[in-house]
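Presented below is the structure to which this report refers.
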Amino acid sequence: MSDARATWDDYQREMLHALGHVVYVAVGDEPPPDTPLTQALARVAKTDLAGLPRLPDLDSLRKPAAKRALWPALRALRKQASRP
């Protein structure tokens with residue numbers, strides 16, 4: 097399977113809708129906002145802002161469970177960056 101995302105033009109969306117299919121749009125394609133927190137996370141993950149995983153809103157990051165969920169993704173990015 098490919099990592100490439102399908103892009104549908106208006107006609108294709110209309111035809112897919114006529115066939116009863118729902119076209120989903122990927123959320124989080126935009127990089128996170130450029131803030132001191134996101135810059136620090138990108139440094140820790142050894143990536144740029146666009147390479148960060150989708151981040152929850154900043155208010156929810158104050159909760160311990162959200163922080164615990166974020167670190168495995170950042171460790172995985174850091175591990176990928178250290179591979180030649």
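Residue numbers (this note's numbering): 97 to 180.
By construction, the Cβ of each residue, glycine as well, lies at the ideal position given by its N, Cα and C atoms.
To which residues of the same chain is residue i closer than 6 Å at the C-beta, ignoring the five residues directly before and after it?
| i | result |
| --- | --- |
| L133 | none |
Can you give the beta carbon distance from residue i to residue j, rounded, assuming they're within the 8 Å contact cut?
| i | j | result |
| --- | --- | --- |
| L151 | P128 | 5 Å |
| P140 | L166 | Note that residue 140 corresponds to Val in the displayed sequence, not to Pro. Contact doesn't hold; Cβ gap of about 10 Å is too wide. |
| R164 | K142 | At roughly 20 Å, the Cβ-Cβ gap does not stay under 8 Å, so R164 and K142 are not in contact. |
Can you name, in chain order, every residue of its own chain whose Cβ lies under 7 Å from the Cβ of residue i, other than the five neighbours on each side?
| i | result |
| --- | --- |
| A136 | none |
For residue i versus residue j, is the C-beta spacing smaller than 8 Å?
| i | j | result |
| --- | --- | --- |
| D130 | L115 | no |
| A138 | L148 | yes |
| R109 | V118 | no |
Note to self: Extract the residue ranges of the alpha helix (DSSP H) inside the stretch 142–180, only unbroken runs of 4 or more that lie entirely within it.
What the structure shows: 160–178
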